[in-house]
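**Student:** Here's a structure for you.
Numbering (my numbering), first residue to last: 2 to 172.
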């Protein structure tokens, strides 16, 4: 046997032995903790002050018919299990001119997540409110298919305002 072939055989054997070692529970991500992270109450907000017009003497005035656009977004989870609610809205600094909401969800492995829908729950000239439902579960494989060991319904809400401000929360 040549020396180069012998070294390659030893290295390959050690590589296979490393791959063949059983995984320990401590090495695996904790799916239950991930679900707890998603279902823990959170909130996010933005003020409309960023988009306020500032006028100096001698500058032309702006009409309130000018329209701005923003996105209110609420994200929960991590790469294993996540849910995100987005509300895109248009405003003219005195009212919300239009808005629409949508959801994104994702799960890795045996975890399950299902977007149950997002609806506008309140509408006025100044404010639009949205509510989104998501069902998230921690799964395990069985001979009969994946089974959720634990699941929870997540409710996320968002308010958008006529000055470009927004507030989103989970609870």
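Where is the CB? At the ideal position from N, CA and C, for every residue including glycine.
All of these numbers come straight from a predicted model, not from anything done at the bench.
Assuming residue 89 contacts residue 117 (C-beta within less than 8 Å), just tell me the rounded distance between them.
**Tutor:** For the purposes of this step, residue 89 is taken as the residue at position 88 of the chain shown. For the purposes of this step, residue 117 is taken as the residue at position 116 of the chain shown. The pair is not a contact, with the Cβ atoms about 20 Å apart (cut-off 8 Å).
**Student:** Cα-Cα, which of 97, 77, 40 is closest to residue 68?
**Tutor:** For this step, residue 68 is matched to residue 67 along the chain shown. The candidate whose alpha carbon is nearest that of residue 68 is 97.
**Student:** Can you tell me whether DSSP reads residue 40 as helix, strand or coil?
**Tutor:** The residue you call residue 40 lines up with position 39 of the chain shown. Correct three-state label for residue 40: helix.
**Student:** Between residue 153 and residue 40, which are expected to be in contact by the criterion C-beta below 8 Å, what is the C-beta distance as a whole number of angstroms?
**Tutor:** Position 152 of the chain shown, counted from the first residue, corresponds to residue 153. Position 39 of the chain shown, counted from the first residue, corresponds to residue 40. Contact holds; Cβ gap of about 5 Å.
**Student:** May I ask you to verify whether the region 75–95 touches the region 105–119, counting CB pairs closer than 8 Å and requiring at least 3?
**Tutor:** Counting Cβ pairs under 8 Å, three or more are found: they touch.
**Student:** How many whole angstroms separate the CB atoms of residue 165 and residue 127, which I take to be in contact at a CB cut-off of 8 Å?
**Tutor:** The residue given as residue 165 occupies position 164 in the chain shown. The residue given as residue 127 occupies position 126 in the chain shown. Going by Cβ atoms, the distance from residue 165 to residue 127 rounds to 12 Å, so no, they are not a contact pair.
**Student:** Buried or exposed: where does residue 100 fall if 16 or more other Cβ atoms within 10 Å of its Cβ makes it buried?
**Tutor:** Numbered from 1 along the chain shown, position 99 holds the residue referred to as residue 100. The residue in question, residue 100, is buried, as its Cβ has 16 or more Cβ neighbours within 10 Å.
**Student:** Where does residue 84 fall in DSSP's three states?
**Tutor:** Here residue 84 corresponds to residue number 83 of the chain shown, with the count starting at 1. The answer is strand: DSSP assigns residue 84 an E or B state.
**Student:** Tell me which same chain residues have a C-beta within less than 7 Å of the C-beta of residue 134, skipping the five on either side of it?
**Tutor:** To locate residue 134, count along the chain shown from 1; it is residue 133. Taken in chain order, the residues that qualify are 117, 118, 154, 156.
**Student:** Per DSSP, residue 142 is paired with what?
**Tutor:** Residue 142 sits at position 141 when you count from the first residue of the chain shown. Note: residue 142 sits in a beta bridge opposite 147.
**Student:** Does DSSP classify residue 98 as helix, strand or coil?
**Tutor:** Your numbering for residue 98 matches position 97 in the chain shown. Strand.
**Student:** Just to confirm, is the Cβ distance from residue 43 to residue 171 under 7 Å?
**Tutor:** Taking the first residue of the chain shown as position 1, residue 43 is located at position 42. Taking the first residue of the chain shown as position 1, residue 171 is located at position 170. Contact flag set, yes.
**Student:** Assuming residue 132 and residue 125 are in contact, meaning their beta carbons sit under 8 Å apart, how far apart are those beta carbons, in whole angstroms?
**Tutor:** Stepping through the chain shown from its first residue, residue 132 is reached at position 131. Stepping through the chain shown from its first residue, residue 125 is reached at position 124. That pair is no contact at about 16 Å.
**Student:** On the DSSP bridge assignment, give the partners of residue 160 in chain order.
**Tutor:** In the chain shown, counting from the first residue as 1, residue 160 sits at position 159. Answer is 130, 168.
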